[in-house]
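Single-structure report; data block below.
Residue numbers (the numbering used here): 21 to 134.
See the structure below:
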């Protein structure tokens with residue numbers, strides 16, 4: 021069976037120059053949820069130095085935080101300064117094996133109000 025001969029297409033028929041370029045649509049703006057600022061390094065440092073509450077989480081992980089009694093001590097209050105109320109809401113998940121911070125957690129409500 022013989023194939024049919026098809027003539028070559030003219031370059032001007034399907035040339036991109038024939039079509040008007042469309043303006044690119046901007047992607048819809050994603051609304052970023054507002055996140056609170058991370059706790060200052062002074063708060064994290066004070067919790068690591070002065071923590072008195074250690075809760076074993078398993079897998080050689082421990083949750084460290086400051087108790088209300090410890091927050092009222094002069095040494096801790098001096099280290100925290102104005103961030104004392106915020107330090108009451110912060111806890112640190114600590115890896116015992118690697119001796120490093122896994123995650124810094126902060127609650128939104130105050131423990132004293134609960």
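Where is the CB? At the ideal position from N, CA and C, for every residue including glycine.
Ignore the nearest five residues each way along the sequence and tell me which others in residue i's own chain have a CB closer than 8 Å to its CB.
i	result
residue 120	114
residue 116	80, 81, 82
Please confirm whether residue i and residue j have their CB atoms less than 8 Å apart.
i	j	result
residue 87	residue 96	no
residue 101	residue 91	no
residue 58	residue 112	no
residue 61	residue 99	no
Going by CA-CA distance only, name the one from the options that's closest to residue i.
i	options	result
residue 109	52, 99, 94, 63	63
residue 126	55, 26, 25, 27	55
Taking the C-alpha atoms as reference points, what is the distance between residue i and residue j?
i	j	result
residue 46	residue 122	38 Å
residue 52	residue 128	19 Å
residue 85	residue 42	58 Å
residue 89	residue 77	23 Å
residue 124	residue 48	32 Å
residue 28	residue 50	48 Å
residue 157	residue 71	No statement about residue 157 is possible, as the shown extent of the chain runs from 21 to 134 and does not include it.
residue 118	residue 93	30 Å
Which partner residues of residue i appear in the DSSP bridge assignment?
i	result
residue 126	110
residue 72	Residue 72 is not bridged to any residue.
residue 78	81
residue 120	115
By Cβ distance below 7 Å, which residues in the same chain neighbour residue i in space, the five residues on each side in sequence not counted?
i	result
residue 106	59, 63
Strictly under 8 Å for the Cβ-Cβ distance: is residue i near chain C by that measure?
i	result
residue 81	Note that chain C does not occur in the displayed structure, where there is just one protein chain.
Starting from the C-beta of residue i, find all residues in its chain whose C-beta is less than 6 Å away, skip the five residues before and the five after it, and write them out in chain order.
i	result
residue 75	83
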